[in-house]
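Structure record follows, encoded as structure tokens.
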Amino acid sequence: MDPISAVSEELAEIEGQINDIFRALANGFQKLEKIKDASRQSRQLEELTDKMRDCKSLIKDFDKEVKSLESGNDANTNRMLNDRRQSMVKELNSYVALKKKYSSNLASNNKRVDLFDGPGEEHIEENVLLASNMSNQELMHKGNSMMDDTDQAIERGKKIVQETINVGTDTSAALKAQTEQMSRVVNELDSIHFSLKKASKLVKEIGRQVATDKCIMAFLFLIVIGVIAIIIVKIVNPNNKDIRGIPGLAPPAMNRRLLWNHNHY
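In full-length UniProt numbering, the protein residues as written are 1 to 265.
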């Protein structure tokens with residue numbers, strides 16, 4: 001029977017899940033070495049990063065369960081559980097170091113943000129080298145600190161993503177409002193264009209009407225001038241037979257005087 005199973009079935013289940021992930025990581029990095037395409041390598045590395053993140057979470061669960069059972073176990077059992085946890089942390093650190101190596105090789109061709117990277121990752125290799133010289137308690141403290149730093153880096157990445165989504169939402173709303181405003185401006189411009197066309201047509205009609213009125217006034221003016229000229233000529237030269245009498249116009253004063261004298265005698 002597995003010693004961990006004898007202590008706790010839950011610890012044994014967590015250990016089994018961690019071992020499954022370690023096997024998947026080992027196979028994944030072997031496959032990664034055979035991939036030549038940079039984009040495929042990047043996708044494979046992202047999948048392995050997700051597995052390492054899950055493994056880190058399970059190790060933290062394992063550590064919490066060990067601490068909850070620590071008071072009820074003897075010293076040898078606690079030492080065995082701490083050694084097992086230390087072994088898990090060291091194995092995870094080795095995969096994280098491999099991941100960092102491949103990320104550095106892809107850095108020149110792939111600039112994607114790696115959310116698994118964090119302030120604590122700079123100390124991973126140092127932790128692996130010093131693990132043999134550290135006590136179990138120191139190693140556990142160091143591992144917890146490293147995982148907390150990684151969690152903080154992940155939270156920062158999530159915050160950046162959320163802020164990006166918020167900015168995108170605000171930008172989309174602003175663009176929608178500007179689009180609606182432009183639509184209203186276009187409609188107003190169409191109305192103004194229609195009004196200008198209608199006003200231009202009206203001005204042309206008024207111009208034609210004014211031109212017609214001017215022609216009529218000029219024609220009437222010529223008629224009046226002609227009538228006045230005839231009257232003047234008739235008065236000045238009443239014996240001119242070439243000019244017909246104007247109806248309603250009285251005869252010259254001399255003719256009226258002769259007519260009066262004739263009737264008198």
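Even glycine gets a Cβ: it sits at the ideal position worked out from N, Cα and C.
Asked, Found
"Since residue 65 and residue 14 are thought to touch, with beta carbons under 8 Å apart, how far apart are those beta carbons, to the nearest angstrom?", "7 Å"
"Thinking just about the alpha-carbon of each residue, which of 91, 63, 93 is nearest to the one in residue 79?", "63"
"Express the C-alpha separation of residue 217 and residue 204 in angstroms, rounding to a whole number.", "20 Å"
"Looking only at its own chain, which residues have a Cβ that is under 8 Å from the Cβ of residue 12, when we skip the five neighbours before and after it?", "2, 4, 5"
"Out of 75, 57, 83, 25, which has the shortest C-alpha to C-alpha gap to residue 94?", "25"
"Is the region 150 to 158 touching the region 74 to 88 in the sense that three or more CB pairs, one from each, lie closer than 8 Å?", "no"
"Could you compute how far the alpha carbon of residue 18 sits from the alpha carbon of residue 91?", "10 Å"
"Can residue 58 and residue 28 be called in contact, C-beta distance under 8 Å?", "no"
"Beta carbon of residue 38, beta carbon of residue 106: below 8 Å?", "yes"
"Throw me the rounded Cβ distance for the residue 52 and residue 96 pair, which I believe falls under 8 Å.", "6 Å"
"Relative to the C-alpha of residue 147, which candidate in 61, 184, 201, 202 has its C-alpha closest?", "61"
"Let me know if residue 81 comes out buried or exposed under the rule of 16 or more other beta-carbons within 10 Å of its beta-carbon.", "buried"
"I need the DSSP call for residue 172, collapsed to helix, strand or coil.", "helix"
"Counting C-beta neighbours from all protein chains within 10 Å, is the total for residue 296 16 or more, i.e. buried, or is it exposed?", "Here the chain covers residues 1 to 265 and nothing more, so residue 296 does not appear."
"Take the Cβ of residue 88 as the centre, count every other Cβ of all protein chains shown within 10 Å, and call the residue buried at 16 or more, exposed below.", "buried"
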